[in-house]
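Shown next, in structure tokens, is the structure this report addresses.
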Ligand SMILES: [Zn+2]
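Residue numbers (this note's numbering): 533 to 771.
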């Protein structure tokens with residue numbers, strides 16, 4: 533979809549999308565050097581044909597705005613930065629737009645921006661060039677869009693580390709295995725068990741490898757029996 537030229541539109545461009553000048557593209561522009569053709573905004577050289585797109589999502593409808601022209605590096609970057617930043621704000625608001633917008637942005641970055649960055653500084657302007665302003669990444673829209681990604685990117689390793697340490701702590705405290713000696717710091721049936729050396733006078737019980745507990749045994753709670761597969765839990769027998 534192209535933008536209707538008779539409307540000024542939300543972009544406030546000075547003029548509707550300039551009429552194409554296909555005859556001017558014929559030679560020389562491919563290398564990014566103007567052979568007598570200046571930037572159509574300021575007249576500077578070198579200038580090259582550049583295509584920049586913007587996207588607007590409007591819940592169910594959407595439109596892609598295309599601006600093509602012969603621009604110098606300065607004016608081209610100004611147009612690229614403005615349209616890309618606006619896309620980062622207006623692009624997401626629709627089912628399809630949400631998926632289209634990344635392609636529009638990446639198309640601008642790896643298309644127009646890459647081509648413009650390869651061009652030398654312009655000279656010989658006859659009219660004031662457009663103001664390129666700040667880089668896209670240093671404008672509010674990019675920051676708004678990228679901040680959640682940055683937070684998620686920072687949160688994943690943090691959560692992973694927290695999980696790692698929390699898991700380690702639990703693993704050391706609980707989960708006895710067969711033959712371990714333990715003592716109960718609480719009164720049965722309360723369980724506040726600690727693993728102790730079997731030769732120590734503090735040892736009260738030994739963890740059994742039995743499917744059922746005897747009359748004087750106690751069944752350990754699940755958190756202490758994580759290594760007991762296929763059983764309700766370990767039994768401990770008094771020493
Ligand atoms: Zn220019």
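Just so it is clear, CB atoms sit at the ideal spot from N, CA and C, and this is done for glycine as well.
Please report how far the alpha carbon of residue i lies from the alpha carbon of residue j, in whole angstroms.
{"i": "residue 723", "j": "residue 752", "result": "8 Å"}
{"i": "residue 618", "j": "residue 604", "result": "21 Å"}
{"i": "residue 581", "j": "residue 649", "result": "13 Å"}
{"i": "residue 669", "j": "residue 675", "result": "7 Å"}
{"i": "residue 741", "j": "residue 747", "result": "15 Å"}
{"i": "residue 575", "j": "residue 623", "result": "32 Å"}
{"i": "residue 584", "j": "residue 689", "result": "37 Å"}
{"i": "residue 758", "j": "residue 589", "result": "52 Å"}
{"i": "residue 715", "j": "residue 694", "result": "29 Å"}
{"i": "residue 586", "j": "residue 602", "result": "17 Å"}
So what does residue i bridge to, in DSSP terms?
{"i": "residue 618", "result": "Beta-bridge pairing links residue 618 to no other residue."}
{"i": "residue 684", "result": "For residue 684, which the question treats as bridged, DSSP gives no partner whatsoever."}
{"i": "residue 716", "result": "725"}
{"i": "residue 740", "result": "767"}
Any heavy atom of ligand 2 closer than 8 Å to the Cβ of residue i?
{"i": "residue 603", "result": "Among the ligands present in this structure, namely ligand 1, ligand 2 is not found."}
Determine the DSSP secondary structure at residue i, reduced to helix, strand or coil.
{"i": "residue 598", "result": "strand"}
{"i": "residue 754", "result": "helix"}
{"i": "residue 840", "result": "Coverage of the chain is limited to positions 533 through 771, which leaves residue 840 absent and any answer about it impossible."}
{"i": "residue 530", "result": "Any property of residue 530 remains undetermined from this structure, which presents the chain solely from 533 to 771."}
{"i": "residue 672", "result": "helix"}
Between the Cα of residue i and the Cα atoms of the options, which residue gives the shortest distance?
{"i": "residue 717", "options": "710, 709 and 734", "result": "734"}
{"i": "residue 662", "options": "766, 571, 757 and 768", "result": "571"}
{"i": "residue 768", "options": "758, 749 and 721", "result": "749"}
{"i": "residue 728", "options": "744, 743 and 709", "result": "709"}
{"i": "residue 771", "options": "691, 720, 677 and 713", "result": "713"}
*Pairing CB atoms from the segment 582-602 with CB atoms from the segment 681-688, are three or more of them under 8 Å?*
Taking a cut-off of 8 Å on C-beta distances, the segment 582-602 does not touch the segment 681-688, as fewer than three cross pairs fall below it.
*Between the segment 623-637 and the segment 607-614, do at least 3 Cβ pairs fall closer than 8 Å?*
As far as the Cβ criterion goes, the segment 623-637 does not touch the segment 607-614, which means the pair count is below three.
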